[in-house]
Amino acid sequence: MSIEDITKNISERNKDLALYAKHVLEALDHLEEYHRRYVAAQALAGIKPSGGQEQVFYDTLSDVRKELLHTLEWTIEDLRHKGDKYYTNHFKDGVE
11 MSIEDITKNI SERNKDLALY AKHVLEALDH LEEYHRRYVA AQALAGIKPS GGQEQVFYDT
71 LSDVRKELLH TLEWTIEDLR HKGDKYYTNH FKDGVE
């Protein structure tokens, strides 16, 4: 599920959660672009990038993005079921 899909399914009162997540994802995109340019500049200077390290970097960014969206989905789900005594929250400390 994308951040746009999540934003459509969230109440107006909680839109700031989706906006925060969107800003974090944009920051990760900027970090990825910075890293790409940095590695390219190093390659131009004759410093060969490590393929294994690059793979780990991009895999980690991908995992962080997925986990961020997953956590946001769980948070929204907990907010939807707030007050439902038959629902088991994903987060034991609750949501407000």
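The sequence shown runs contiguously to residue 106 in the working numbering. Here a beta-carbon is modelled for each residue, glycine too, at the ideal position from N, C-alpha and C.
By the Cβ-count criterion, I57 is exposed, with fewer than 16 other Cβ atoms from all chains shown falling within 10 Å of its own Cβ. A residue is called buried once 16 or more other Cβ atoms fall within 10 Å of its Cβ, and A28 is buried on that count. The beta-carbon distance between L78 and V34, rounded to whole angstroms, is 6 Å. This is short enough to meet the 8 Å contact definition. K25 carries a helical assignment under DSSP once its states are collapsed to helix, strand and coil.
The way I'd put it, the region 11-22 does touch the region 69-89; three or more beta-carbon pairs between them come closer than 8 Å.
In the three-state DSSP reduction, S12 falls in the coil class, being neither helix nor strand. The DSSP assignment places no complete beta strand (DSSP E) segment of no fewer than 3 residues inside the region 27-71.
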